[in-house]
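Asks: So the sequence shown is residues 1 to 693, counted in full-length UniProt numbering. Glycine residues also receive a C-beta, built at the ideal position from the N, C-alpha and C atoms. Take this structure, written in structure tokens, and hold onto it; I'll ask about it next.
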Amino acid sequence: MTAEPPIAKKIAEELVIHDDTRIDNYFWMRLSDAQKTAETPDEQTQDVLDYLNAENEYLTTVMSHTEDLQDKIYNEIIGRIKKDDQSVPVNDNGYSYYTRYEKGDDYALYCRKKIENNTAEEIMLNGPEMAKGFSYYGIGRRSVSPNNKLLSFGIDTVSRRSYTIYFKNLDTGELLPDKLSNTGGSATWANDNKTIFYTTKDPETLRQNKIYKHILGTNQSEDELVFEETDVTFSCGVYKSKSKKYLMIYSSQTLSTEIQYLDANTPNGTWKVIQPREANLEYQADHYEDSFYILTNLNAKNFRLVKTPISATSKENWTDVIPHREDVLLQGFDLFKNFLVISERLNGLSTIRIKKWDGDDSYIEFNDPAYMASTTSNLDFDTAILRYRYSSLTTPNSTYEINMNTKEKVLLKQQEVLDENFSPDNYTSERLYATAKDGTKIPVSLVYKNGTAKSNNAPVLLYAYGSYGNTTEPTFNSSRLSLLDRGFIYAIAHVRGGQEMGRDWYENGKLLKKKNTFTDFIDVGEFLIDEGFTSSKHLYAYGGSAGGLLMGAIVNMQPNLWNGVIAAVPFVDVVSTMLDETIPLTTFEFDEWGNPKNKAYYEYMKSYSPYDNVEAKAYPNMLITTGYWDSQVQYWEPAKWIAKLRAHKTDDHLLIMDCNMDTGHGGASGRFERYKRTALSYAFLLDLEAISE
Numbered sequence: 001m002t003a004e005p006p007i008a009k010k011i012a013e014e015l016v017i018h019d020d021t022r023i024d025n026y027f028w029m030r031l032s033d034a035q036k037t038a039e040t041p042d043e044q045t046q047d048v049l050d051y052l053n054a055e056n057e058y059l060t061t062v063m064s065h066t067e068d069l070q071d072k073i074y075n076e077i078i079g080r081i082k083k084d085d086q087s088v089p090v091n092d093n094g095y096s097y098y099t100r101y102e103k104g105d106d107y108a109l110y111c112r113k114k115i116e117n118n119t120a121e122e123i124m125l126n127g128p129e130m131a132k133g134f135s136y137y138g139i140g141r142r143s144v145s146p147n148n149k150l151l152s153f154g155i156d157t158v159s160r161r162s163y164t165i166y167f168k169n170l171d172t173g174e175l176l177p178d179k180l181s182n183t184g185g186s187a188t189w190a191n192d193n194k195t196i197f198y199t200t201k202d203p204e205t206l207r208q209n210k211i212y213k214h215i216l217g218t219n220q221s222e223d224e225l226v227f228e229e230t231d232v233t234f235s236c237g238v239y240k241s242k243s244k245k246y247l248m249i250y251s252s253q254t255l256s257t258e259i260q261y262l263d264a265n266t267p268n269g270t271w272k273v274i275q276p277r278e279a280n281l282e283y284q285a286d287h288y289e290d291s292f293y294i295l296t297n298l299n300a301k302n303f304r305l306v307k308t309p310i311s312a313t314s315k316e317n318w319t320d321v322i323p324h325r326e327d328v329l330l331q332g333f334d335l336f337k338n339f340l341v342i343s344e345r346l347n348g349l350s351t352i353r354i355k356k357w358d359g360d361d362s363y364i365e366f367n368d369p370a371y372m373a374s375t376t377s378n379l380d381f382d383t384a385i386l387r388y389r390y391s392s393l394t395t396p397n398s399t400y401e402i403n404m405n406t407k408e409k410v411l412l413k414q415q416e417v418l419d420e421n422f423s424p425d426n427y428t429s430e431r432l433y434a435t436a437k438d439g440t441k442i443p444v445s446l447v448y449k450n451g452t453a454k455s456n457n458a459p460v461l462l463y464a465y466g467s468y469g470n471t472t473e474p475t476f477n478s479s480r481l482s483l484l485d486r487g488f489i490y491a492i493a494h495v496r497g498g499q500e501m502g503r504d505w506y507e508n509g510k511l512l513k514k515k516n517t518f519t520d521f522i523d524v525g526e527f528l529i530d531e532g533f534t535s536s537k538h539l540y541a542y543g544g545s546a547g548g549l550l551m552g553a554i555v556n557m558q559p560n561l562w563n564g565v566i567a568a569v570p571f572v573d574v575v576s577t578m579l580d581e582t583i584p585l586t587t588f589e590f591d592e593w594g595n596p597k598n599k600a601y602y603e604y605m606k607s608y609s610p611y612d613n614v615e616a617k618a619y620p621n622m623l624i625t626t627g628y629w630d631s632q633v634q635y636w637e638p639a640k641w642i643a644k645l646r647a648h649k650t651d652d653h654l655l656i657m658d659c660n661m662d663t664g665h666g667g668a669s670g671r672f673e674r675y676k677r678t679a680l681s682y683a684f685l686l687d688l689e690a691i692s693e
């Protein structure tokens, strides 16, 4: 069906810094939170709403011929999901905790049982009942008091990740009158069962900047401010050590950390700093016996594990437990009474190392060419049982326990795929290496259905993220089967900017080396073509958030390499966003992108910023997604971007945007609703391949 795309009006806004002027014709699309929440829209707000709705209507019209395909894919995806599923129970303080879904429900029941035979289930929170009447309903972290009688939980009904914390008496089922608004969504209990520490957010930037102490039975207005993070490049939070002996306040930015501690039995005591903050000094801390164990990059680019006496915690007292290694990235650790478990990354793949305190050392063995393995939910300190997760591109998400003494493994649960034709043996996974233009070897993880042949006509979807040191793990996704079963090859480009190959991998894909992320992705795309997997007529790219920035960069740099691109909640107006310190996330991301108030960073950022580099040329087919309430990448970035693309592009390729008017960065809150956007994205790709079934 033909339709005329919406054309946004232009109101030139001059943006001047460093004697350089940028003209932004769509600056008017930015609304404040006050405008968005006003009951009566002003003229500017109405203009923005009209434009976003027009984009949604255009999307519906031009994709109407794929509605049956979207419905089919959606039903396939949710059809593979077990409707009455239950998580693996986690034992803590005499209770077994789990979530479960009942058939037809979009939200979970949060439950527990006493660790005894034949005890009755307690439903702590009834998600389906609580979410009734809300278009978005996000349940934040739950935390049970040390005496097991009280539950704290956070609720967000706007999708801005600003939560109200409530408290429930688990004996009576009644809600307490206490209510804490504008929080990060979690509460940390002191050991007296009545004192709670929580974080609040700056109402404009949404930066977590204050930590309060609340006494049950009092009003929030009476809460004591325990700590305020005044450095706008830092955010803060609070947690409890695994031993439950210490409360911990952390302040962190991209490259610096500071942690304070307090005995959880004396919540009115004085907080002490483990190690004062320093530029480029990162650390994480947990407690064991009379020491803090600290994961740090101090004199250790790939991190090392140290310990220090609680009586002398500053860095000059730190001694090595696991020293730094040039070829191994130390990612995390778990403390047990008789064991130390270390999470490492070697040759781009995750490993789990088990070390007895007396020195015996071993690794858990994994067999897939590309996989993800990580420890999870190990709350019990005095145990020989380690719980870990495992997944690969062909192996559904699995939860195992291993006896750290005998090395015996037990599979507790593997994600059920409700498809009689599914078997992991029907799919093949590969790990390859592309060569970047500077000679760097870029890992590539692939999966495809057996019988899918490499050819110029084979469709390939290439994914990457590549920022913040986040590693893209090669894990299973049952939704992806709808592409693989229709002949798609799915590939992950493990580009620089992530941390797959160690800390250098991250540092060579950020700040003034950020373009390596983009060129790596392009080089992987060309590698897949050169190796005969596909051709540019059948090569597709997908990325979200900072990965959406990657999508914006690669379509500017090499638009003819891709037949189609999906940019999800894309961070594309880089310069303007990083210049605006009122926008959430801006100030404490200067170490990732640079501060454009510095001319060198401004010029480099401007040279790749997707929005600033749109020009008159042919672009690939593109689907852009966003959420009106997104607090991480504001809706106006993709909205401005698509408007500018429409005004400049010289092709007749498809350019559409899906703006969910009810959600934020993470999409829909319901278990099934979110897959409607997945179905749309897959239908977009399949339609470009002339696949209608």
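1. Contact between the segment 508 to 521 and the segment 403 to 421: three or more CB pairs below 8 Å?
2. Can you list, in chain order, the stretches of the beta strand (DSSP E) that have 3 or more residues and sit fully within the segment 444 to 505?
3. Within its chain, find whatever has a CB closer than 7 Å to the CB of residue 452; leave out the 5 residues flanking it on each side and keep chain order.
4. May I ask you to list the residues that DSSP assigns as paired with residue 398?
5. Tell me whether residue 408 sits in a helix, a strand or coil according to DSSP, three-state version.
6. What residue does the alpha helix (DSSP H) around residue 642 start on, and which one ends it?
7. According to DSSP, simplified to helix, strand and coil, what is residue 229?
8. Count the other CB atoms within 10 Å of the CB of residue 209; is the residue buried (16 or more) or exposed (fewer)?
9. So residue 677 is in the alpha helix (DSSP H); what residue range does that whole segment cover?
10. Ignoring anything shorter than 4 residues or poking outside the segment 318 to 399, list the alpha helix (DSSP H) runs there in chain order.
11. Helix, strand or coil for residue 197, going by three-state DSSP, please let me know.
12. Report yes if the C-beta distance between residue 158 and residue 636 is below 7 Å; otherwise report no.
13. Residue 228: buried (16+ other C-beta within 10 angstroms of its C-beta) or exposed?
14. For the beta strand (DSSP E) containing residue 109, name the first residue and the last one.
15. Three-state secondary structure (DSSP) at residue 554?
16. Spatial neighbours of residue 372 within its chain, please: C-beta separation below 8 Å, excluding the five flanking residues on both sides.
17. Give the DSSP-derived three-state secondary structure of residue 403 in the structure shown.
18. Please report the residue range of the alpha helix (DSSP H) in which residue 525 lies.
19. Closer than 8 Å by C-beta to residue 685: which residues in its own chain qualify, once you throw out the five before and the five after it? Chain order, please.
20. Report the option in 24, 561, 554, 656 whose CA atom is closest to the CA atom of residue 610.
21. According to DSSP, is residue 27 helix, strand or coil?
22. Helix or strand or just coil, what does DSSP make of residue 18?
23. Between which two residues does the beta strand (DSSP E) harbouring residue 255 extend?
24. Look up residue 260 in the DSSP assignment and give the residues it is bridged to.
25. State the start and end residues of the unbroken alpha helix (DSSP H) segment that holds residue 75.
26. What I want to know is whether the C-beta of residue 35 ends up closer than 6 Å to one or more non-hydrogen atoms of the ligand ZN.
27. Kindly list the residues whose CB is nearer than 7 Å to the CB of residue 688, restricted to its own chain and excluding five residues on each side of it in sequence; keep chain order.
28. From the DSSP secondary-structure annotation, give me the bridge partner or partners of residue 211.
Replies: To lay it out plainly:
1. Counting Cβ pairs under 8 Å, fewer than three are found: no touch.
2. The segment 444 to 505 contains these whole beta strand (DSSP E) runs: 460 to 463, 489 to 493.
3. Sequence-distant partners of residue 452 (beyond 5 residues in either direction) whose C-beta falls short of 7 Å from its own C-beta, in its chain, are 458, 487, 489.
4. Per DSSP, 390, 414.
5. It is coil, neither helix nor strand.
6. 636 to 648 is the span of the alpha helix (DSSP H), which, as asked, contains residue 642.
7. Of the three classes helix, strand and coil, the one that applies to residue 229 here is coil, per DSSP.
8. That one is buried.
9. If you look at residue 677, you'll find it in the alpha helix (DSSP H) that goes 675 to 688.
10. Fully enclosed alpha helix (DSSP H) runs of 4 or longer: not present.
11. DSSP places residue 197 in the strand class (E or B) of the three-state scheme.
12. For residue 158 and residue 636, no; Cβs fall outside 7 Å.
13. By the 10 Å Cβ count, residue 228 comes out exposed.
14. Its beta strand (DSSP E) spans residues 109 to 114.
15. For residue 554, the secondary structure class from DSSP, reduced to helix, strand or coil, is helix.
16. Hits under 8 Å: 350, 389, 390, 391, 392, 473, 474, 475.
17. Correct three-state label for residue 403: strand.
18. 515 to 530 is the extent of the alpha helix (DSSP H) around residue 525.
19. Result list for residue 685: 459, 461, 483, 488, 540, 564, 566, in chain order.
20. Per the Cα distances, 554.
21. Residue state, collapsed to three classes: helix.
22. Of the three classes helix, strand and coil, the one that applies to residue 18 here is coil, per DSSP.
23. DSSP places residue 255 in no beta strand (DSSP E); its state is neither H nor E.
24. Under DSSP, residue 260 takes part in a beta bridge, and its partners are 249, 273.
25. 67 to 79 is the extent of the alpha helix (DSSP H) around residue 75.
26. In terms of ligand content, the structure shown is empty, and the ligand ZN therefore cannot be addressed.
27. Around residue 688: 563, 564, 621.
28. Per DSSP, the beta bridge partners of residue 211 are 199, 227.
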